[in-house]
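In terms of numbering that gives the first Met the number 0, the sequence shown is residues 0 to 71.
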Amino acid sequence: MKILVGSVAHTELIKNTILSIDEPSFVYEGKKGLNMVFSCPDGDEKAIVRKVKDTLKSLPELGGVFYNVSSY
Numbered sequence: 000m001k002i003l004v005g006s007v008a009h010t011e012l013i014k015n016t017i018l019s020i021d022e023p024s025f026v027y028e029g030k031k032g033l034n035m036v037f038s039c040p041d042g043d044e045k046a047i048v049r050k051v052k053d054t055l056k057s058l059p060e061l062g063g064v065f066y067n068v069s070s071y
């Protein structure tokens, strides 16, 4: 499964935060346009996207920063 995270600010922080999530484990595959592409084992797609969103939302540095998380 692939997760796309689109942001023009704090991309390194976002990338490192997602890579630090333990379950499921994510692998950074590079950029596709403005999106960072991560792969992870197939699973409950909605739960995985929600976990990424909740993890990013918990970072005070991202307050007011627009980012988008989706899967394909």
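A virtual CB, placed ideally from N, CA and C, is assigned to each residue, including glycine.
Own chain, CB closer than 7 Å to residue i, minus 5 neighbours either side, in chain order
i	result
Pro23	Cys39, Pro40, Gly42 and Ile47
Tyr66	Val4, Gly5, Ser6, Ile13 and Leu55
8 Å CB neighbourhood of residue i in its chain, flanking five on each side removed
i	result
Leu12	Leu58, Glu60 and Leu61
Residue i classed as buried or exposed, judged by whether at least 16 other C-beta atoms fall within 10 angstroms
i	result
Leu55	buried
Ser6	buried
Phe25	buried
Cβ neighbours of residue i in the same chain (closer than 6 Å, five flanking residues each side left out)
i	result
Val68	Val4, Val48, Val51 and Lys52
C-alpha gap between residue i and residue j, whole angstroms
i	j	result
Leu33	Ser70	15 Å
Asp21	His9	21 Å
Lys14	Met35	8 Å
Gly29	Gly63	25 Å
Residues sharing a beta bridge with residue i, DSSP
i	result
Lys30	Met35
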